[in-house]
Amino acid sequence: MIVLGCDHGGFELKQAIMKHLDEQGKEYLDVGSYNTDSIDYPVIAKALCKKITDGEAELGILCCGTGIGMSMAANKVKGIRAACCSDTFSARLTRNHNNANVLCLGGRVVGAGLALDLVDAFLSAEFEGGRHQRRVDMIEGE
Ligand code: RB5
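Numbers given in the numbering used here equal positions in the sequence shown, counted from 1, plus 643.
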């Protein structure tokens, strides 16, 4: 399962991503926000991360104005590895090497066309394990 979240700065982009996932027949949860009213992004980031740490979803996508605030908030949650990306190489490699479980996007940074490519790259890539597992474990302090 995929879980999506946004603040007002990422609302339009989340809408585009939901439509894209609908077209692909992919299921997702939506933790809000559900309109363009101003909302504090850490609230949404924490709600999305809880879906992952509770095991209801494996991967998440957070959209705010830059993607940065969401990534900062998400990375404070144990077990969450959030990557703010604006190029497809990084969106793919952060799954392959970092086992990132949250992609953060900036609705005021990337256009919808690029953002959907980033989503596809992130969702289709697999963690490679091996030497990368040891490094990910070091991030988690294990
Ligand atoms: C909201 O104006 C903006 O600060 C937020 O969407 C995000 O860009 C924060 O990192």
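Heads up, the beta-carbon is just placed ideally off N, CA and C, and yes, glycines get one too.
Check: residue i C-beta below 7 angstroms from any heavy atom of the ligand RB5
i, result
"Ile704", "no"
"Gly675", "no"
"Cys707", "yes"
Identity of the residues DSSP links to residue i by a beta bridge
i, result
"Asp673", "Leu647"
Residue range of the unbroken beta strand (DSSP E) whose run includes residue i
i, result
"Cys707", "702 to 707"
"Gly624", "Because the chain spans 644 through 785 in this model, residue 624 falls outside it and cannot be assessed."
Whole-angstrom distance between residue j and residue i, CA atom to CA atom
i, j, result
"Asn678", "Arg738", "30 angstroms"
"Ile723", "Thr696", "8 angstroms"
"Ala717", "Gly710", "11 angstroms"
"His740", "Ser767", "14 angstroms"
"Gln658", "Arg777", "37 angstroms"
"Met781", "Gly703", "22 angstroms"
"Gly652", "Asp673", "16 angstroms"
Span of the alpha helix (DSSP H), counted from its first residue to its last, around residue i
i, result
"Cys692", "684 to 696"
"Lys726", "What sits at residue 726 in the sequence shown is Ala, not Lys. Run containing Ala726: none in the alpha helix (DSSP H); it sits in the beta strand (DSSP E), 725 to 727."
"Val779", "774 to 783"
"Gly756", "755 to 767"
"Thr737", "731 to 739"
Contact belief for residue i with residue j at Cβ below 8 angstroms, rounded distance in angstroms
i, j, result
"Ile687", "Gly675", "6 angstroms"
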